[in-house]
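Asker: One structure coming up, written as structure tokens, with questions to follow.
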Amino acid sequence: MADKNGFFDLSKTALTRRTALKGLAAGAGLAVAPGFVRYSQAQSSAPIKIGFQSHRTGIGAAYGRWYEKTTAAAVKAINAAGGINGRQVEVIIEDDGTDPGRGAEVVGKFATQHKTDIVFGTLFSHVVIGSAPAAGENKIPYFVVSEGHHVASTKLNRYVFQPGITDVKSQIQSMAPWIAANAGKKVTQIFPDFAFGYDHRDYLPPALKAQGADVIAQIAIPPTESSFTKYFPQIPPETEVIYHVMVGPAVLTFVKELGEFYGSNRPQLFGFIDSLEATDINSPGLEFLDGSHFWEGSPRYAQADDSEAQKAYRAAVGIDDNGAAVGDPKDVSTAAHMFGCWETLYVVKKAMEDAGYKGPEDRAKLVEATEALTAFAEGPEHPQGAKTFNGKIHQCFGIQNISKVEGGKLKVVHKTKIEDGLYEAEGDYTTQAL
Amino acid sequence: MHFGPHLLLAALEGLVTSAVLALTALGLSLVFGVMRVVNVAHGEFFMLGAVLAWAITTAIGGHPALGFLAALVIAPLIVGAIALVAERLVLRRLNYNPEATIVATIGMLYIIQQLALSFYGPEARPVEPPFSYRILLPWFGYSGYKLSIIATSALLLIATWLVLTRTRIGLIMRATQYDSETAQAFGIPVGRVYGGVFALGAMLAAVAAVLIVPISQAHYLMGQDPLLLSFIVVIIGGLGSLRGTVVAAVLIGLSDGIISMFFSPTLAKIIATLLVAMVLVFRPQGLFGTASR
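Chains as they are written, first to last, in full-length UniProt numbering: chain R, 1 to 434; chain S, 1 to 293.
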């Protein structure tokens, strides 16, 4: 195994003076290129820079793509209406690879290299948890559009906010009464074996218990698993409801294999929409889901009673009545989550205006102004519905939709109320030093 | 569920894994056996097979079996052609230097993955099985298509074995494997044999992927698991040994099915990896491999 051809001999590639000079010249050229312009004049003319931590690659890529589309639509609308504090908004995107380590690097990059005003975006709970310390260290506000209980648990830090989407603990609590009353009392849970799945594991049993129902089995599935049949024998035969919440590319297989295993003789199914996001319900093998129920943050399919704000939002983001990209029915959106990007950006706008935000030196003021918010009214800025915000735990609370799969579509059959999802705060971020 | 049916389900699942794994690992093993190239991009050829199967079935439409059969023929051919080009452009220029080819195939892995992401996208997309027949057992239902994978894979393995042992092509391949310099001296075009073997290895991975894609889906990151498992199989079975590859694939597939069902999937991975370590310590050439010359 000798290195006969010298592939690994680095001594031959010494840096010549000419190369070094070329490098210097290129560097200097870059520094004066557009984009590196320093706004030496009044700060008010510089755009507000939002660093967007996006799942461009990795298992969250389908979400990332739609989060980017939604963000672009919201920024376009905000800029068209005059921007924030009279300044235009500019979004800088970095790929976090749906990976916690890279997520933390991206946050650092936004803070030190791009010098963005805030960091925004990401969905997957392990990326949020991995990135939060970097946001705290760099003292840069970090607005996430995840849905895990990690922000509201107050286990992160004062710079992390989740003002645009409800957390899992609240979602479960508001839906448990419906599950117990309509689907069944003996529930078997199937969930991914990591952070977001654990929220379901920990908060569903007490929420159902309060409704006189029981979780009789909990089946954790490793996130890298691609075949599921071997787990199904663990489902107790007396199960009345299978509660499933799987994410990532294997979800289709999960549902198909469940279909093969049970056939038509199945327990009731109640799924978190994560099991179906960005997936066409009319994909082969999913006929099995007909008649089952899903939770949706914002409905994928246009509903008869949609508000004007909801219609305008759907048009701005570019999704049709089936929740697919306009012009491409196969490109199914992540409608149940991505509204959070739109709403979060309007929360950021409101908080920056309240704080009289001028630049990174006002980040602490921005944190305090966000914490002072209490409620968001339903409307063009909050098309999913009204929300309350608890500044102590940096978490918003909103309504949820329970939808039934009927004829290859999701039809909303029940809407929860904000009060259904409220719980006692577990801590208080405002007591932490800024 | 009672122990008997539970074990039956575990064994069936394990056999499906084994069937696909045997084909994939055989490709890796052939490439190493003949060319001494550790092809780290093998999993990406697997992924390409699945992605192309999606593209072909979508383009053809009609009865799912039509598209699927077309994919089973066309996808491996395209993947083989891509592998052949990669072999000519990269591996040959490195003179098949063992260290350099590892680095080069890692590069290929990333290039293929990024191309798939750019042109195919990040979604996992389903391919309809050629037929959907649900076998109804007294305890549970099982996919008839999954059983057909086991049969198809067995046929393909037998065919490969016949080619290697009974045909002139096989003879040339074995001669090149045994001693490439002497083979060259006897007028065997070693360079062309290498190109062919590399393409064949990639095609085996692609066939395996086309078979699995109706029960899994096509996704641009799907190459990682098959690569890792193929390495495990090839190390246990012995590099370049067809018999070893098949035995090890059945062993790993079944143990994965049964252990992960009765205990935990993580334990199955721990045991498989531990087995690799044990084999490397006590029988470095693998269970059926021959000591290196």
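We put the beta carbon where it would ideally sit given N, CA and C, even for glycine.
Would you identify the three-state DSSP class for S:W139, choosing helix, strand or coil?
Answerer: Reduced to three states, the DSSP call for S:W139 is coil.
Asker: For R:A217 versus R:P236, is the C-beta distance shorter than 8 Å?
Answerer: Yes, the Cβ-Cβ distance between R:A217 and R:P236 is below 8 Å.
Asker: Going by the DSSP bridge assignment, what does R:A325 pair with across the sheet?
Answerer: Note: R:A325 sits in a beta bridge opposite R:I319 and R:D328.
Asker: So for R:T253, helix, strand or coil by DSSP?
Answerer: Residue state, collapsed to three classes: helix.
Asker: Does R:P223 have its Cβ less than 8 Å from a Cβ in chain S?
Answerer: Chain S contact via Cβ: absent.
Asker: Taking R:A61 as the query, report the chain S residues whose CB atoms sit under 7 Å from its CB, ordered along the chain.
Answerer: In chain order: P122.
Asker: Quick check on R:S40 - is its C-beta less than 8 Å from some C-beta in chain S?
Answerer: Confidence at R:S40 is low in this model, with a pLDDT of 45, below 50, so its placement is unreliable and no value can be given for it.
Asker: Helix, strand or coil, according to DSSP, for R:E238 in the structure here?
Answerer: Correct three-state label for R:E238: coil.
Asker: What are the start and end residues of the alpha helix (DSSP H) that includes R:D199?
Answerer: Taken as a continuous stretch (DSSP letters only), the alpha helix (DSSP H) holding R:D199 covers A195 to K209.
Asker: Could you name the residues of the same chain whose beta carbon sits closer than 6 Å to that of S:P76, not counting the 5 residues immediately before and after it, in chain order?
Answerer: Same-chain partners within the cutoff: M203, A206 and V207.
Asker: Which bits of chain S does R:A278 rub up against, with CB to CB less than 8 Å?
Answerer: Near R:A278 (Cβ distances below 8 Å), the residues of chain S are E123.
Asker: Under 8 Å between the Cβ atoms of R:V255 and R:G285?
Answerer: Yes, they are a contact pair.
Asker: Grouping DSSP H, G and I as helix and E and B as strand, with all else coil, what is S:S153?
Answerer: Residue state, collapsed to three classes: helix.
Asker: Per DSSP, what kind of secondary structure is S:A50 in: helix, strand or coil?
Answerer: Helix at S:A50.
Asker: When you check each C-beta in the segment 226-239 of chain R against every C-beta of chain S, which residues fall closer than 8 Å?
Answerer: Result list: S226, S227, T229, K230, Y231, F232, P233 and P237.
Asker: Between the segment 210-226 of chain S and the segment 78-85 of chain S, do at least 3 Cβ pairs fall closer than 8 Å?
Answerer: No: fewer than three Cβ pairs fall under 8 Å.
Asker: Looking at chain S, is there any beta carbon in it that lies within less than 8 Å of the beta carbon of R:P329?
Answerer: Chain S, which has no Cβ nearer than 8 Å to the Cβ of R:P329, makes this no.
Asker: Mind checking S:F288: buried by the 16 CB within 10 Å criterion, or exposed?
Answerer: When all chains shown are included, S:F288 counts as buried.
Asker: On the premise that R:S283 lies in contact with S:P126, defined as a C-beta separation below 8 Å, what is that separation, rounded to the nearest angstrom?
Answerer: Confirmed, about 5 Å.
Asker: With DSSP run on the structure shown, which of helix, strand or coil describes S:G237?
Answerer: In the structure shown, S:G237 sits in a helix (DSSP, three-state: H, G or I).
Asker: Among S:S153, S:A183, S:M222 and S:P138, which one has its Cα closest to the Cα of S:L21?
Answerer: Residue S:S153 is the option with its Cα nearest to S:L21.
Asker: Between S:L242, S:F231, S:L254 and S:S264, which lies nearest to S:V279 when the distance is taken from Cα to Cα?
Answerer: Nearest option by C-alpha distance: S:F231.
Asker: CB R:D321 to CB R:Y301, shorter than 8 Å?
Answerer: Yes, Cβ-Cβ distance for R:D321 and R:Y301 is below 8 Å.
Asker: Could you compute how far the alpha carbon of R:I92 sits from the alpha carbon of R:R314?
Answerer: Looking at the two C-alpha atoms, the distance is approximately 23 Å.
Asker: For the beta strand (DSSP E) containing R:A217, name the first residue and the last one.
Answerer: Its beta strand (DSSP E) spans residues D214 to I221.
Asker: Looking at the unbroken alpha helix (DSSP H) that takes in R:P177, where does it start and where does it end?
Answerer: Where R:P177 is concerned, the enclosing alpha helix (DSSP H) stretches over V168 to W178.
Asker: Buried or exposed: R:E147, going by 16 or more other Cβ atoms within 10 Å of its Cβ?
Answerer: The residue is buried, with at least 16 neighbouring Cβ atoms inside 10 Å.
Asker: Please report how far the alpha carbon of S:L109 lies from the alpha carbon of S:S29, in whole angstroms.
Answerer: For S:L109 and S:S29, the distance between alpha carbons rounds to 18 Å.
Asker: Taking 7 Å as the limit between beta carbons, can you name the residues of its chain near S:L94, skipping five residues before and five after?
Answerer: Here the set comprises A100, T101 and A104.
Asker: Taking the alpha-carbon positions, what's the S:G223 to S:G43 distance?
Answerer: In a straight line, the C-alpha of S:G223 is about 4 Å away from that of S:G43.
Asker: Pull out every residue of the segment 257-283 of chain S whose Cβ sits closer than 8 Å to any Cβ of chain R, in chain order.
Answerer: Those residues of the segment 257-283 of chain S that come within reach of chain R (Cβ to Cβ, closer than 8 Å) are G257, S260, M261, P265 and T266.
Asker: Below 8 Å between beta carbons: does that hold for R:E325 and R:E296?
Answerer: Checking the sequence shown, residue 325 of chain R turns out to be Ala, not Glu. No, they are not a contact pair.
Asker: Just curious, the beta strand (DSSP E) that R:Q53 is in, first and last residue?
Answerer: Unbroken beta strand (DSSP E) run through R:Q53: I48 to S54.
Asker: For R:G340, count the other beta carbons within 10 Å of its own beta carbon; 16 or more makes it buried, fewer makes it exposed. Which is it?
Answerer: Buried, by the Cβ-count rule.
Asker: Taking 8 Å as the threshold (C-beta atoms), are R:V119 and R:G51 in contact?
Answerer: Yes. Within cutoff.
Asker: For R:Q162, which of helix, strand or coil comes out of DSSP?
Answerer: Residue state, collapsed to three classes: strand.
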